[in-house]
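For the sequence shown, my numbering begins at 318 and goes up steadily by one.
Cβ atoms here follow ideal geometry from the backbone N, Cα and C, with glycine treated the same way.
Please read all numbers here as calculations on a predicted model, not as lab measurements.
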Amino acid sequence: MLDFSPQELTAIALSLKVAGTATVVSLPLAIFVAYALARWRFPGHAALNALIHLPLVMPPVVTGFVLLLLLGRKAPIGHFLAEYLGIVFAFRWTGAALAAAVMSFPLMIRPIRLSFESIDERLGQASRSLGADPLWTFFLVTLPLAAPGVIVGAILGFAKALGEFGATITFVSNIPGETQTIPAAIYSLTQTPDGDADALRLAAVSGVIAIGALVLSEILQKRADATRAGR
């Protein structure tokens, strides 16, 4: 059952690489956007919130197609990045990470935003009254208090990125060793005669990682809620 082929091990390693990269790169932006949605009021607030959550309600294939239109080698943005900066997303593992980041971003935002909203704004006001500027107040007071939500958001984002398939295969195809993650490998195996056992093995790996991430996020959320209740 655990006798993985080299191609399967490559798919597992690539999935972890793609999901990890997507999470690390998108987390700072998720923190900023979640804070903006939680604390600031500005024109277009509702529109920004809707845009962020759009990948959750749109078919993933549509999201991947939009990425391909924007960042493909012949697309305006994609051509500029490839020609002048040497950055290529289409049909590369970096594109898989980008697609996974786009699809997982909404799931990262929600727990982080709720965490910011639960913090008493008077704590920040007290910090500023003692001479700390808004930036220092954010990093020394607000962000540490929101840390449980940030961690939960990162875990959920990682789990979603690990299982992303539709947008990824549309944007970067299913290239073994380059863009073939666990979901893409499972899809290929289901189209192969006698590939069900191998597909089941990879599905089990994916399930174990996803369940572990969800259980960990639930534990952290309960600890955060207990901490707030005790204050």
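Beta-carbon within less than 6 angstroms of residue i's beta-carbon, same chain only, minus the 5 sequence neighbours each way: which residues are those?
i           : result
residue 258 : In the structure as shown, the chain begins at 318 and stops at 548. Residue 258 is therefore absent and cannot be evaluated.
residue 481 : 417, 420
Residues in its own chain within less than 8 angstroms of residue i by CB, not counting five upstream and five downstream?
i           : result
residue 448 : none
residue 327 : 493, 494, 497
residue 459 : 352, 433, 436, 440, 441
Just to confirm my understanding: we take residue i, look at its own chain, exclude 5 residues before and 5 after, and list those with CB closer than 7 angstroms. What are they?
i           : result
residue 516 : 503, 506, 507
residue 476 : 527, 530, 531
residue 356 : 433
residue 360 : none
residue 332 : 479, 498, 499
Using only the heavy atoms of the ligand HEM, determine whether one of them is closer than 7 angstroms to the beta carbon of residue i.
i           : result
residue 532 : Of the ligands one can find in the structure shown there are none, so the ligand HEM has no counterpart to examine.
Quick one: measure Cβ to Cβ for residue i and residue j, integer angstroms, because I've assumed they're closer than 8 angstroms.
i           : j           : result
residue 465 : residue 531 : Their Cβ separation, rounded to whole angstroms, is 15 angstroms, which puts residue 465 and residue 531 out of contact at 8 angstroms.
residue 478 : residue 491 : At roughly 17 angstroms, the Cβ-Cβ gap does not stay under 8 angstroms, so residue 478 and residue 491 are not in contact.
residue 395 : residue 407 : 6 angstroms
residue 410 : residue 335 : 6 angstroms
Do the stretch 379-387 and the stretch 482-491 meet, that is, are 3 or more Cβ pairs less than 8 angstroms apart?
yes
Could you give the uninterrupted runs of the beta strand (DSSP E) lying entirely in the stretch 324-358, keeping only those of 3 residues or more?
none
Examine the Cβ distances between the stretch 396-403 and the stretch 457-473 and report whether three or more of them are shorter than 8 angstroms.
no
Does the stretch 346-355 touch the stretch 421-434, meaning 3 or more C-beta pairs lie closer than 8 angstroms?
yes
Contiguous alpha helix (DSSP H) assignments of at least 4 residues, all confined to the stretch 361-410
362-374, 377-388, 393-397
4 or more residues per run - each alpha helix (DSSP H) lying fully within the stretch 432-473:
438-446, 451-454
Run through the stretch 498-542 for me and flag every whole beta strand (DSSP E) of 3 or more residues, listed as ranges in chain order.
none
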